[in-house]
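Asks: One structure, pasted below without further comment.
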Amino acid sequence: MVKNLNKTKKDKSLNIDSPLHVTGRTKYVDDIPELSGTLFAKVFYSSIAHGKITRLDISKAAAMEGVVKVVTCEDIPGENQVGGIIADEPLLADGLVDFIGQPIVMILATEEIIARKALKLIEVKFKPLKVIVDPREAHKKGSLLSDPRHFQMGDIKKAFKKAKYIFEGEADSGGQEHVYLEPQGAYAIPKNNDCIQVISSTQGPTAVQRTIARALGVSMNEIEVDVNRIGGGFGGKEDQASMWATFCALGTYLTKKPVKYILDRHEDLQMTGKRHPYRSDYKIGLDKDLKIVAFEGNYFQNGGAAADLSPAVLERTLFHATNSYYVPNVDVNAYPCRTNLHPHTAFRGFGGPQGMFVIECAIHHAARALGVPANKIQEKNLLINNNEFSYGQKVQDCEAKNTWNQAKKKFDFAKLKKEVAAYNKANKYSKKGIAFMPICFGISFTNTMMNNARALVHVYSDGSVGISTGAVEMGQGVSSKMIQVAALCFGLKTDEVRLETTNTTRVANTSPTAASATADLNGKALQDACDQILVRLRKLVKKEWGLKSKDQIHFQDGWVICNRKKMKWNELILTAFQQRVNLSAKGHYSTPKIHFDKKIGKGHPFAYHVFGTSIFTCTVDCIRGTYDFDKVQLIHDFGTSMNKLVDLGQIEGGLVQGMGWMTIENLLYDEEGRLKSNSLANYKIPDIHYVPKKLDVEYLDTKGSDLAILKSKAVGEPPLMYGIGAYFALYNAVLAYNKDANIPYESPMTTEKILMGLYSKKANS
Amino acid sequence: MAIFNLTINGKNHEVDVDPSTPILWVLRDHLNLVGTKYGCGVAQCGACTIHLDGTAMRSCVLPVSSVKAQKITTIEGISENGEHPVQKAWIQHDVAQCGYCQAGQIMNAAALLADNANPSDQEIESTMSGNICRCGTYTRIKAAIKTASKL
Numbered sequence: 001m002v003k004n005l006n007k008t009k010k011d012k013s014l015n016i017d018s019p020l021h022v023t024g025r026t027k028y029v030d031d032i033p034e035l036s037g038t039l040f041a042k043v044f045y046s047s048i049a050h051g052k053i054t055r056l057d058i059s060k061a062a063a064m065e066g067v068v069k070v071v072t073c074e075d076i077p078g079e080n081q082v083g084g085i086i087a088d089e090p091l092l093a094d095g096l097v098d099f100i101g102q103p104i105v106m107i108l109a110t111e112e113i114i115a116r117k118a119l120k121l122i123e124v125k126f127k128p129l130k131v132i133v134d135p136r137e138a139h140k141k142g143s144l145l146s147d148p149r150h151f152q153m154g155d156i157k158k159a160f161k162k163a164k165y166i167f168e169g170e171a172d173s174g175g176q177e178h179v180y181l182e183p184q185g186a187y188a189i190p191k192n193n194d195c196i197q198v199i200s201s202t203q204g205p206t207a208v209q210r211t212i213a214r215a216l217g218v219s220m221n222e223i224e225v226d227v228n229r230i231g232g233g234f235g236g237k238e239d240q241a242s243m244w245a246t247f248c249a250l251g252t253y254l255t256k257k258p259v260k261y262i263l264d265r266h267e268d269l270q271m272t273g274k275r276h277p278y279r280s281d282y283k284i285g286l287d288k289d290l291k292i293v294a295f296e297g298n299y300f301q302n303g304g305a306a307a308d309l310s311p312a313v314l315e316r317t318l319f320h321a322t323n324s325y326y327v328p329n330v331d332v333n334a335y336p337c338r339t340n341l342h343p344h345t346a347f348r349g350f351g352g353p354q355g356m357f358v359i360e361c362a363i364h365h366a367a368r369a370l371g372v373p374a375n376k377i378q379e380k381n382l383l384i385n386n387n388e389f390s391y392g393q394k395v396q397d398c399e400a401k402n403t404w405n406q407a408k409k410k411f412d413f414a415k416l417k418k419e420v421a422a423y424n425k426a427n428k429y430s431k432k433g434i435a436f437m438p439i440c441f442g443i444s445f446t447n448t449m450m451n452n453a454r455a456l457v458h459v460y461s462d463g464s465v466g467i468s469t470g471a472v473e474m475g476q477g478v479s480s481k482m483i484q485v486a487a488l489c490f491g492l493k494t495d496e497v498r499l500e501t502t503n504t505t506r507v508a509n510t511s512p513t514a515a516s517a518t519a520d521l522n523g524k525a526l527q528d529a530c531d532q533i534l535v536r537l538r539k540l541v542k543k544e545w546g547l548k549s550k551d552q553i554h555f556q557d558g559w560v561i562c563n564r565k566k567m568k569w570n571e572l573i574l575t576a577f578q579q580r581v582n583l584s585a586k587g588h589y590s591t592p593k594i595h596f597d598k599k600i601g602k603g604h605p606f607a608y609h610v611f612g613t614s615i616f617t618c619t620v621d622c623i624r625g626t627y628d629f630d631k632v633q634l635i636h637d638f639g640t641s642m643n644k645l646v647d648l649g650q651i652e653g654g655l656v657q658g659m660g661w662m663t664i665e666n667l668l669y670d671e672e673g674r675l676k677s678n679s680l681a682n683y684k685i686p687d688i689h690y691v692p693k694k695l696d697v698e699y700l701d702t703k704g705s706d707l708a709i710l711k712s713k714a715v716g717e718p719p720l721m722y723g724i725g726a727y728f729a730l731y732n733a734v735l736a737y738n739k740d741a742n743i744p745y746e747s748p749m750t751t752e753k754i755l756m757g758l759y760s761k762k763a764n765s
Numbered sequence: 766m767a768i769f770n771l772t773i774n775g776k777n778h779e780v781d782v783d784p785s786t787p788i789l790w791v792l793r794d795h796l797n798l799v800g801t802k803y804g805c806g807v808a809q810c811g812a813c814t815i816h817l818d819g820t821a822m823r824s825c826v827l828p829v830s831s832v833k834a835q836k837i838t839t840i841e842g843i844s845e846n847g848e849h850p851v852q853k854a855w856i857q858h859d860v861a862q863c864g865y866c867q868a869g870q871i872m873n874a875a876a877l878l879a880d881n882a883n884p885s886d887q888e889i890e891s892t893m894s895g896n897i898c899r900c901g902t903y904t905r906i907k908a909a910i911k912t913a914s915k916l
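Taken in order, these protein sequences are the chains called A and B.
According to my numbering, the residues represented by the first sequence are 1 to 765, in order.
According to my numbering, the residues represented by the second sequence are 766 to 916, in order.
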């Protein structure tokens with residue numbers, strides 16, 4: 001279990017949402033009582049992966065009793081477009097379909113069951129076209145979603161010439177279905193003056209607002225998006241929530257009625273994109289001391305049929321291509337390949353994990369060939385301060401070695417190694433494997449423009465506080481953190497601060513809740529707003545108390561205090577109100593110092609990096625190919641965590657999600673672009689059985705970063721990448737049984753692959 | 766359509782619905798008891814778990830016609846004010862993240878403890894394995910069930 005939970009002053013609050021969750025009172029979109037007259041939307045989608053629509057007959061569906069309207073692309077008043085970064089994705093297909101699950105028609109009916117039945121009355125004929133599902137094939141045919149990307153540093157050719165050892169190979173990582181337990185959905189409600197309010201399960205309220213406005217041909221100020229909280233997102237609702245919300249808003253626009261669309265699980269699996277599957281080539285060069293002197297990578301991202309967030313995901317693959325290692329000569333190229341699958345999208349880690357997996361494969365390959373443990377090569381190449389990444393940023397406050405060394409020491413690696421060796425010697429058909437997985441993850445949106453946020457604070461005349469930010473609560477605990485920030489600023493208890501919904505009319509032009517940066521950006525904007533109010537209050541106190549200076553005025557424990565004088569917060573606020581002091585403020589924050597030139601692939605894109613080192617130990621049953629994770633032990637750099645329970649929850653959950661991606665989550669498509677893993681019966685995510693028997697998360701006490709909220713480093717995405725260690729621990733256990741095992745670097749490492757590997761023959765090389 | 770008399774959280778309710786309607790939708794759409802969640806509709810995720818005469822059941826595949834006189838308990842009825850030992854332990858361990866699956870987790874855990882006051886790790890795992898949580902709160906679910914067993 002978790003140790004070292006040193007309590008700090010900042011660490012008093014738990015998750016403020018807990019009491020609601022445990023009593024079933026938390027409200028998600030589908031829990032909002034329906035207004036009378038509400039219509040229900042359903043989408044008829046393409047059953048083929050690529051083709052022309054030669055016939056579309058909606059007349060029978062339209063004639064069905066209870067069907068109010070059948071909507072095609074011709075009914076869209078604005079642009080038939082939902083593409084975010086690139087406008088390449090129609091809301092409703094216009095003559096051509098590019099993937100199975102692509103919406104063609106929307107049905108609006110008085111009951112959901114009627115809409116569902118009406119789907120069967122839509123008649124459509126296609127002329128099939130050639131289907132591409134493999135990104136390498138797409139690349140060969142020049143089918144790309146946007147320009148390839150390239151980062152480079154040093155002189156790769158020269159470095160490979162000088163390298164003592166060179167290893168090349170392929171490494172492929174599978175996709176991952178988000179399985180947010182709350183499916184995608186939205187509810188649109190007509191408001192005064194033809195405005196539409198949309199309650200959406202989205203990580204990106206502004207993206208929803210912008211997308212709707214464009215599709216309806218109206219201004220953004222006519223669309224209000226409101227998010228109470230969402231039942232999981234993991235990136236899947238960053239961009240892809242917009243489509244369902246747009247359908248609802250379009251329905252409301254056309255009928256003047258409230259329109260609701262909550263996807264069922266099957267629709268959600270079929271129509272929405274996943275974590276990008278990648279296929280990659282690597283070439284790694286090492287010197288005689290096992291220092292990595294050169295790394296080359298080509299990444300073929302399976303982007304699906306439209307760009308969605310793929311170009312940004314692709315970029316992050318390059319940012320994390322060398323993970324926690326210093327490599328002086330780097331040449332990495334990434335290709336966003338257009339295939340006939342649903343457009344793939346953001347997923348916790350955002351391309352970073354796919355990049356890290358490849359260099360870890362390269363290191364594993366080199367280690368195996370050289371007969372040394374991979375951790376020896378990993379350890380020799382860890383980053384130190386002022387090492388430069390291929391994108392030009394120099395690492396600061398580097399904790400790579402620190403977390404590594406502490407992990408080795410605290411978890412007594414020397415002993416573990418001996419124990420595992422002894423176990424493997426003593427057991428013929430049961431083998432243990434160990435793997436290290438260090439992580440280094442950059443915090444900020446790599447699109448510099450997005451690194452800003454706003455917050456609105458009202459202090460009501462009774463002293464209570466209401467705050468609004470652009471952050472969306474999706475389980476990561478950002479609500480608790482925002483309340484903590486405001487409470488800390490004003491010296492109040494957390495229950496005296498209320499957090500409002502995330503709403504585009506209160507906080508506009510928000511960046512999505514993503515990139516692990518939400519608490520930093522919104523928390524800092526919130527601090528700014530609180531500080532503005534405090535400046536006004538200090539001025540008032542100085543005047544009221546006849547002070548010479550404002551410097552000694554403190555706000556703590558519900559009091560305003562200066563030297564020996566003190567006054568209750570509520571009394572001060574009432575006085576301020578009576579004295580006509582402005583008790584509301586809008587705060588703004590934009591991350592300083594960051595910049596990045598996309599054209600040359602150089603700059604300083606990240607506010608800071610998060611570090612950590614994990615050690616995985618597993619046991620493989622060499623008869624069956626089944627396995628258990630005995631333990632996962634890790635040292636993580638939290639900075640100075642502002643809410644350890646919440647932050648540790650992110651580590652525990654992120655780790656398990658990453659392990660799932662690497663082992664059991666097998667996203668499958670057939671050659672015709674059909675999703676084979678199309679239900680929770682044939683796509684399995686980790687359950688309670690799956691979690692490691694022992695999980696030690698140790699806290700590395702670091703000074704944090706000034707750019708992190710209260711020096712508490714971002715924690716949402718980084719732990720997912722520890723999960724990569726699961727792949728290599730299993731791989732190493734197989735090698736303990738069969739040192740010549742031929743296992744291609746293809747995740748996930750399913751039990752089938754383990755079994756095949758255990759009894760595989762040496763590769764011809 | 767047919768009329769059914771249901772006992773839910775100690776109260777009697779009369780609903781006029783198609784006999785094949787799953788209890789999940791009777792609760793959510795007809796009685797506004799929305800604490801019970803839809804996750805998959807095919808009994809693969811556990812988000813919709815309720816009690817039928819104290820036994821944990823998947824309400825998404827339970828037709829209203831099959832309930833008859835059996836008593837239904839939902840997350841709203843498990844305690845007056847969140848005082849059930851499982852709910853208390855859940856708060857103590859800060860189990861929930863996004864929260865969506867948690868009503869189902871809690872209902873299943875409560876049924877387990879009603880049946881077995883002191884479950885072993887294995888018993889917890891085998892009972893709870895059908896309730897998935899994408900946030901990955903399993904470590905805490907396990908710990909919270911152990912705590913609840915002592916409350």
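Here a beta-carbon is modelled for each residue, glycine too, at the ideal position from N, C-alpha and C.
Where does A:Asp134 fall in DSSP's three states?
Replies: coil
Asks: Check the Cβ of A:Leu695 against every Cβ in chain B and list those closer than 7 Å, keeping chain order.
Replies: Thr904
Asks: Where does B:Val732 land, buried or exposed, given buried means 16+ other C-beta within 10 angstroms?
Replies: What is shown of chain B runs 766 to 916, which leaves residue 732 of chain B out entirely.
Asks: To the nearest angstrom, how far is it from the Cα of A:Ser479 to the Cα of A:Thr202?
Replies: 15 Å
Asks: I'd like to check one pair, A:Ala241 with A:Val198: are the Cβ atoms closer than 7 Å?
Replies: no
Asks: A:Met756 lies in the alpha helix (DSSP H); which residues open and close that run?
Replies: Thr751 to Leu758
Asks: Could you run through the stretch 878-889 of chain B and flag, in chain order, every residue whose CB is less than 8 Å away from some CB of chain A?
Replies: Within the stretch 878-889 of chain B, the residues whose Cβ lies closer than 8 Å to any Cβ of chain A are, in chain order, Ile889.
Asks: Around the C-beta of A:Ser219, are 16 or more other C-beta atoms found within 10 angstroms, so that it is buried, or is it exposed?
Replies: exposed
Asks: Could you pull out every residue in the same chain whose Cβ sits closer than 7 Å to the Cβ of B:Thr912, ignoring the five residues on either side in sequence?
Replies: Same-chain partners within the cutoff: Ala854, Gln857 and His858.
Asks: Check whether the Cβ atoms of A:Arg348 and A:Glu123 lie closer than 7 Å to each other.
Replies: no
Asks: For A:Asn6, count the other beta carbons within 10 Å of its own beta carbon; 16 or more makes it buried, fewer makes it exposed. Which is it?
Replies: The pLDDT assigned to A:Asn6 is 35, lower than 50, so where the model puts this residue is not dependable; a value taken from the coordinates is nonetheless given after this. Exposed, because fewer than 16 other Cβ atoms sit within 10 Å of the Cβ of A:Asn6.
Asks: Go ahead and pull the three-state DSSP assignment for A:Ser59.
Replies: helix
Asks: Name the chain A residues that come within less than 8 Å of B:Ala874, Cβ to Cβ?
Replies: Simply none; closest approach about 11 Å.
Asks: Measuring CA to CA, which of A:Leu720, A:Gly24 and A:Lys409 is closest to B:Glu841?
Replies: A:Gly24
Asks: The alpha helix (DSSP H) spanning A:Asp520 covers which residue range?
Replies: The continuous alpha helix (DSSP H) containing A:Asp520 extends over residues Thr518 to Trp545.
Asks: Can you tell me which of A:Pro512, A:Asn582, A:Val313 and A:Asp531 puts its alpha carbon nearest to the alpha carbon of A:Val485?
Replies: A:Asp531
Asks: What runs of the alpha helix (DSSP H), each 4 residues or longer, lie entirely inside the stretch 634-680 of chain A?
Replies: 644-663
Asks: With a CB to CB cut of under 6 Å and the five nearest residues on each side skipped, what residues in its chain are close to B:Pro784?
Replies: Ala767 and Ser830
Asks: Given that a residue counts as buried once 16 or more other Cβ atoms are within 10 Å of its Cβ, and exposed if not, what is A:His689?
Replies: exposed
Asks: How about A:Leu667 and A:Gly174: do their beta carbons lie closer than 7 Å?
Replies: yes
Asks: Step through the CB atoms of chain B and report whether any lies within less than 7 Å of the CB of A:Asp11.
Replies: Bear in mind that a pLDDT of 41 at A:Asp11, under 50, signals an unreliable position, so the model cannot answer this.
Asks: Please confirm whether B:Gln852 has its beta-carbon closer than 7 Å to some beta-carbon of chain A.
Replies: yes
Asks: What do you reckon, are the CB atoms on A:Pro719 and A:Ile651 nearer than 7 Å?
Replies: yes
Asks: Between the beta-carbon of A:Lys42 and the beta-carbon of A:Arg116, is there less than 7 Å?
Replies: yes
Asks: Thinking just about the alpha-carbon of each residue, which of A:Ala426, A:Lys415 and A:Lys431 is nearest to the one in A:Tyr731?
Replies: A:Lys431
Asks: Is the beta carbon of A:Met106 closer than 7 Å to that of A:Phe247?
Replies: yes
Asks: Who pairs with A:Cys440 in a beta bridge, going by DSSP?
Replies: A:Phe611
Asks: Give me the residue from A:Lys257, A:Pro258 and A:Ala362 with the minimum Cα distance to A:Gly297.
Replies: A:Ala362
Asks: So, under 8 Å CB-CB, A:Leu645 and A:Asn15 are touching, yes? Tell me the CB distance rounded to an integer number of Å.
Replies: 7 Å
Asks: Do you know whose CA, among A:Ile594, A:Ala422 and A:Glu544, lies nearest A:Lys566's CA?
Replies: A:Glu544
Asks: Considering only DSSP beta bridges, list what A:Asn329 is partnered with.
Replies: A:Ala294
Asks: Please confirm whether A:Arg506 and A:His588 have their CB atoms less than 7 Å apart.
Replies: no
Asks: For my contact list, A:Leu20 and A:Val71 are in at a C-beta cut-off of 8 Å; report their separation, rounded to the angstrom.
Replies: The pair is not a contact, with the Cβ atoms about 36 Å apart (cut-off 8 Å).
Asks: Any C-beta of chain B sitting closer than 7 Å to the C-beta of A:Ala681?
Replies: yes
Asks: Alpha carbon to alpha carbon, what distance is there between B:Ala821 and A:Asp31?
Replies: 22 Å
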